[in-house]
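K.L.:
Protein sequence lines correspond, in order, to chains A and B. Taking our numbering, the leading residue of the first sequence gets 6, the next gets one more, and so forth. Taking our numbering, the leading residue of the second sequence gets 6, the next gets one more, and so forth.
Number of protein chains: 2
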Amino acid sequence: MSTSLKRMATMQRMQVTGLELFYTKGYYNTSVDDILKELSLSKGAFYYHFESKEDFFIQIIENLLVRKVYSMLIEPMESHDNPLEKITNCFENALETAVHNEMDFGFALSNFMGEFNGKNPRIMKHLQDILKIWEVNIVTTLQKGKFNGFIDRHIDCEAVAVYLMSSYIGIRTLMVESTPSARKYRFMSQLKQYFRSIEQKQVNA
Amino acid sequence: MSTSLKRMATMQRMQVTGLELFYTKGYYNTSVDDILKELSLSKGAFYYHFESKEDFFIQIIENLLVRKVYSMLIEPMESHDNPLEKITNCFENALETAVHNEMDFGFALSNFMGEFNGKNPRIMKHLQDILKIWEVNIVTTLQKGKFNGFIDRHIDCEAVAVYLMSSYIGIRTLMVESTPSARKYRFMSQLKQYFRSIEQKQVNA
DNA sequence: CAATAAACGAACCGGCTAGTCGGTTTGTTT
DNA sequence: AAACAAACCGACTAGCCGGTTCGTTTATTG
Numbered sequence: 006m007s008t009s010l011k012r013m014a015t016m017q018r019m020q021v022t023g024l025e026l027f028y029t030k031g032y033y034n035t036s037v038d039d040i041l042k043e044l045s046l047s048k049g050a051f052y053y054h055f056e057s058k059e060d061f062f063i064q065i066i067e068n069l070l071v072r073k074v075y076s077m078l079i080e081p082m083e084s085h086d087n088p089l090e091k092i093t094n095c096f097e098n099a100l101e102t103a104v105h106n107e108m109d110f111g112f113a114l115s116n117f118m119g120e121f122n123g124k125n126p127r128i129m130k131h132l133q134d135i136l137k138i139w140e141v142n143i144v145t146t147l148q149k150g151k152f153n154g155f156i157d158r159h160i161d162c163e164a165v166a167v168y169l170m171s172s173y174i175g176i177r178t179l180m181v182e183s184t185p186s187a188r189k190y191r192f193m194s195q196l197k198q199y200f201r202s203i204e205q206k207q208v209n210a
Numbered sequence: 006m007s008t009s010l011k012r013m014a015t016m017q018r019m020q021v022t023g024l025e026l027f028y029t030k031g032y033y034n035t036s037v038d039d040i041l042k043e044l045s046l047s048k049g050a051f052y053y054h055f056e057s058k059e060d061f062f063i064q065i066i067e068n069l070l071v072r073k074v075y076s077m078l079i080e081p082m083e084s085h086d087n088p089l090e091k092i093t094n095c096f097e098n099a100l101e102t103a104v105h106n107e108m109d110f111g112f113a114l115s116n117f118m119g120e121f122n123g124k125n126p127r128i129m130k131h132l133q134d135i136l137k138i139w140e141v142n143i144v145t146t147l148q149k150g151k152f153n154g155f156i157d158r159h160i161d162c163e164a165v166a167v168y169l170m171s172s173y174i175g176i177r178t179l180m181v182e183s184t185p186s187a188r189k190y191r192f193m194s195q196l197k198q199y200f201r202s203i204e205q206k207q208v209n210a
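#1: My parser needs the alpha helix (DSSP H) runs of 4 or more residues fully inside the stretch 130-200 of chain A; what are they?
#2: To test your reading of the DSSP string, which unbroken alpha helix (DSSP H) runs of 4 or more residues are found completely within the stretch 15-55 of chain B?
#3: Check the Cβ-Cβ distances between L26(A) and every residue of chain B, and say whether any is below 8 angstroms.
#4: Examine the ligand GTP and report whether any of its heavy atoms sits within less than 7 angstroms of the Cβ of L179(B).
#5: So, is the C-beta of N87(A) closer than 8 angstroms to a C-beta in chain B?
#6: Measuring only the C-alpha atoms, how far is F200(B) from Y75(A)?
#7: Ordered along the chain, which non-local residues of its own chain (more than five positions away) have a Cβ less than 8 angstroms from that of F27(B)?
#8: Give the range of the alpha helix (DSSP H) segment to which N116(A) is assigned.
#9: Quick check on DSSP: helix, strand or coil for E204(B)?
#10: From L46(B) to T22(B), what distance separates their C-alpha atoms?
#11: What three-state label does DSSP hand K11(B) in the structure shown?
#12: Using a C-beta to C-beta distance shorter than 7 angstroms, which residues of chain A count as neighbours of Q133(B)?
#13: So, is the C-beta of N98(A) closer than 8 angstroms to a C-beta in chain B?
#14: If you draw a straight line from the C-alpha of M19(A) to the C-alpha of Y32(A), how long is it?
#15: Quick check: is the beta carbon of S186(A) nearer than 8 angstroms to any beta carbon in chain B?
#16: If you check the beta carbons only, do G154(B) and Q205(B) fall under 8 angstroms apart?
#17: Contact between the stretch 168-187 of chain A and the stretch 153-172 of chain B is defined here as three or more beta-carbon pairs at a separation below 8 angstroms; is this criterion met?
#18: Under 8 angstroms between the Cβ atoms of S194(B) and D161(A)?
#19: Tell me the DSSP secondary structure of K91(B) in three-state form.
#20: Pull up the distance between the alpha-carbon of E25(A) and that of G123(B), whole angstroms please.
#21: Going along chain B, which residues have a C-beta under 8 angstroms from M129(A)?
#22: In chain B, which residues lie with their C-beta within 7 angstroms of the C-beta of L78(A)?
#23: Quick one, which of G49(A), S84(A) and W139(A) has its alpha-carbon nearest E163(A)'s?
#24: Enumerated in chain order, which unbroken segments of the alpha helix (DSSP H) with a length of 4 residues or greater are wholly contained in the stretch 58-87 of chain A?
#25: Is there a Cβ from chain A that is less than 8 angstroms from the Cβ of D161(B)?
#26: Between the stretch 34-63 of chain A and chain B, which residues of the former have CB atoms less than 8 angstroms from a CB of the latter, in chain order?
#27: Can you find a C-beta in chain B that's less than 8 angstroms from the C-beta of V165(A)?
#28: Within a Cβ cutoff of 6 angstroms, which residues of the same chain sit near H128(A), ignoring the five residues on either side of it in sequence?
#29: Could you tell me whether the Cβ of F192(A) comes closer than 8 angstroms to any Cβ of chain B?
#30: Which residues of chain A have a Cβ atom closer than 8 angstroms to the Cβ of K124(B), listed in chain order?
#31: At 7 angstroms on the CB atoms, spell out the chain B contacts of N68(A), in chain order.
#32: Check whether the Cβ of T93(B) lies closer than 8 angstroms to any Cβ atom in chain A.
#33: By Cβ distance below 7 angstroms, which residues in the same chain neighbour I203(B) in space, the five residues on each side in sequence not counted?
This is the structure:
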C-alpha cells in the first residue's frame, strides 16, 4: 500500500471511531485514550497524524459530518417532483435510523451544538456553518416547489425551513430512550398535517 | 433565625446558583467549587448539606425545575378559552425570554437530557418524568379544547402534543447564538399556520 | 541496502475534580 | 457563662485527563 494511502487509511479509521464515540459519549467525556483503545493504537500514532484533539474533531466535522448531512438530509430532498413529499420521505428515513439507534447526523449536529455552546466558539462556528447549509438548501428546495406549483404562493419559505429544522431537531431529542417508534409515528402524522396546510390548493375542475 | 430556616436558606441559595451555572456551563463542566466560589462558601458547607453532587442536582430538579416548568409551560395554557391561542401565547412568551438570554426551563430540560443521555440513567429518569408531565398536560389541554369545539374532532391530540414539544425544543436549540429573534418570528408564523389546520372549521352561516 | 514513514509505549507535566475530615465559628439553650 | 450542636472552613487526598516528548521498533519504498 502506498505510504500516503496508509496514512489516509489510519486517519480515516481514527476519525470514524472518533465520531462514533464523540456521538455516543460526548466530546468532553471521551478521551483520546478511549479512541485509541478502541483501535488498539497508541498515543504516539495519534499525535503523529493530528495536532490536537480539537483539530482532530474539526477534521471529523469537515470530512465526515458535512458529507453525511449532505447525503442524508440534503440530496434526498432535491428533485423536480413535489418537495413536500421528498422532505416527508427524507425525514421518515432519517427518523427510522434513529429508531434503530443508529447514528443520525442531523441529531449529532444539534447534540454537538449543545455541548460546545459557550465553550468553544471555533468549533461552534464550524457546526453553525453546516446548519446554515442545511437551512439554505431547504429554502431553495421549497422555493423551487413554490415555482413548480406544489406550494401555495403566500407561504414564507424561510419560515417553513426554520419550522422544519426545529421540529426535526426536537423530535430527535424526544426520541432518545423513550418509546421512539410511537413518537416518530405521531410526529410524522402531524408533519403531513402541516404540509397539507401549505400546499398549493387544487383548482376546482 | 431558626436553625432549620437558616439551613433551608443556605440550601436554597446553593440550588439557585447551582441551577444557573449548570444551565449555562453544563453539569459536568461545572465544578462544585465553581458554585461555592460564586457564593463565597466552602466545600465543607456543601457536603454538610448535600450528600453528593448528583444528589444536589436531583434536589435542584425536584425543587426548582419541576415547579418552573409548571409555572411557565403548563399553567399558562390551562383555561376554558381556545387552547390553541393559549399555547401560542405561552410559546411566544417563553421564546421571548430566550431572545433576552434569560433562563428557559423547557430548554434547560432538553439540554440536560442531552447531557445525561447514556451517562446517568438515574438523573435521566427524573428528567423524563418532567417531560412526561408536560406531555400529559398538553394532551389534556388539547382534548378539552376539542370537547369545547376549538379543535377539529378528527385530530389526534397525542400526536399534536408530540409535534408541539418537538418544535419547541428544536427552535430553542436553533435560537442559540444565531439571529434568535428572526428565527422566533418565523417559527411563530408557522406554528400559527399549523394551528389553523387543526382548528375546528367554522360552520357556514 | 539505505532512507523514510508509521507506529509504539512509556514517561511526564500541569491542571482539574469529587469527596474527606479535623478543626473552627456561630448561635441557641440551659 | 457553660454546654452543645449546627453551620461552616479549607487543606488535603487520590485519581483522571489532555497534551507533549522522545527513544525505539517495524514496515514500506526507492
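A virtual CB, placed ideally from N, CA and C, is assigned to each residue, including glycine. None of these values were measured; they are calculated from a predicted model.
P.N.:
In brief:
#1: 162-179
#2: 37-44 and 48-54
#3: For this step, residue 26(A) is matched to residue 21 along the first sequence. No, no contact with chain B.
#4: Looking at this structure, you won't find the ligand GTP or any other ligand, since it has none at all.
#5: Here residue 87(A) corresponds to residue number 82 of the first sequence, with the count starting at 1. So, not an interface residue.
#6: The residue given as residue 200(B) occupies position 195 in the second sequence. The residue given as residue 75(A) occupies position 70 in the first sequence. So the alpha carbons of these two residues sit roughly 31 angstroms apart.
#7: The residue labelled residue 27(B) in the question sits at position 22 within the second sequence. Contacts found: T35, F62, I65 and F117.
#8: Here residue 116(A) is taken as the residue at index 111 of the first sequence, counted from 1. Where N116(A) is concerned, the enclosing alpha helix (DSSP H) stretches over F110 to F121.
#9: Translated into positions along the second sequence, residue 204(B) becomes position 199. In this structure, E204(B) counts as strand in the three-state DSSP scheme.
#10: Counted from its first residue, the second sequence places residue 46(B) at position 41. Counted from its first residue, the second sequence places residue 22(B) at position 17. Approximately 12 angstroms, taken between the alpha carbons.
#11: Counting from 1 along the second sequence, the entry for residue 11(B) is found at position 6. Three-state DSSP puts K11(B) in a helix.
#12: The residue you call residue 133(B) lines up with position 128 of the second sequence. Those are S183, listed as they occur along chain A.
#13: Taking the first sequence and counting its residues from 1, one reaches residue 98(A) at position 93. For N98(A), the answer is no, since every Cβ of chain B falls outside 8 angstroms of its Cβ.
#14: Translated into positions along the first sequence, residue 19(A) becomes position 14. Translated into positions along the first sequence, residue 32(A) becomes position 27. Distance between the alpha carbons of M19(A) and Y32(A): 14 angstroms.
#15: Locating residue 186(A) in the first sequence gives position 181, where the first residue counts as 1. Chain B, which has no Cβ nearer than 8 angstroms to the Cβ of S186(A), makes this no.
#16: Along the second sequence, read from residue 1 onward, the residue named residue 154(B) stands at position 149. Along the second sequence, read from residue 1 onward, the residue named residue 205(B) stands at position 200. Against a cut-off of 8 angstroms, the Cβ pair of Q205(B) and G154(B) comes out as a contact.
#17: yes
#18: In the second sequence, the residue the question calls residue 194(B) occupies position 189. In the first sequence, the residue the question calls residue 161(A) occupies position 156. In contact: S194(B) and D161(A) (Cβ atoms closer than 8 angstroms).
#19: Your numbering for residue 91(B) matches position 86 in the second sequence. In this structure, K91(B) counts as helix in the three-state DSSP scheme.
#20: In the first sequence, the residue the question calls residue 25(A) occupies position 20. In the second sequence, the residue the question calls residue 123(B) occupies position 118. Cα to Cα, E25(A) sits roughly 14 angstroms from G123(B).
#21: Taking the first residue of the first sequence as position 1, residue 129(A) is located at position 124. Going along chain B in sequence order, the residues near M129(A) (Cβ under 8 angstroms) are E182.
#22: The residue labelled residue 78(A) in the question sits at position 73 within the first sequence. Residues of chain B passing the Cβ test: none, with the nearest at roughly 14 angstroms.
#23: What you label residue 163(A) is simply residue 158 of the first sequence in a count that begins at 1. The shortest Cα separation from E163(A) among G49(A), S84(A) and W139(A) belongs to W139(A).
#24: 58-65 and 71-74
#25: Translated into positions along the second sequence, residue 161(B) becomes position 156. Yes, contact with chain A.
#26: N34
#27: Looking up residue 165(A) in the first sequence gives position 160. V165(A) counts as touching chain B.
#28: For the purposes of this step, residue 128(A) is taken as the residue at position 123 of the first sequence. In the sequence on display, residue 128(A) carries Ile and not His. Contacts found: F121.
#29: Along the first sequence, one-based indexing puts residue 192(A) at 187. Output row for F192(A): interface = yes.
#30: Residue numbering aside, residue 124(B) sits at position 119 when the second sequence is read from its first letter. Near K124(B) (Cβ distances below 8 angstroms), the residues of chain A are K30, G31 and N34.
#31: Here the question's residue 68(A) lines up with position 63 in the first sequence. Near N68(A) there are no residues of chain B at all, since even the closest Cβ is about 24 angstroms away, more than 7 angstroms.
#32: Position 88 of the second sequence, counted from the first residue, corresponds to residue 93(B). Judged by the 8 angstroms Cβ criterion, T93(B) is not in contact with chain A.
#33: Position 198 of the second sequence, counting from 1, holds the residue named residue 203(B). Answer for I203(B): I156, D157, I160 and V165, listed in chain order.
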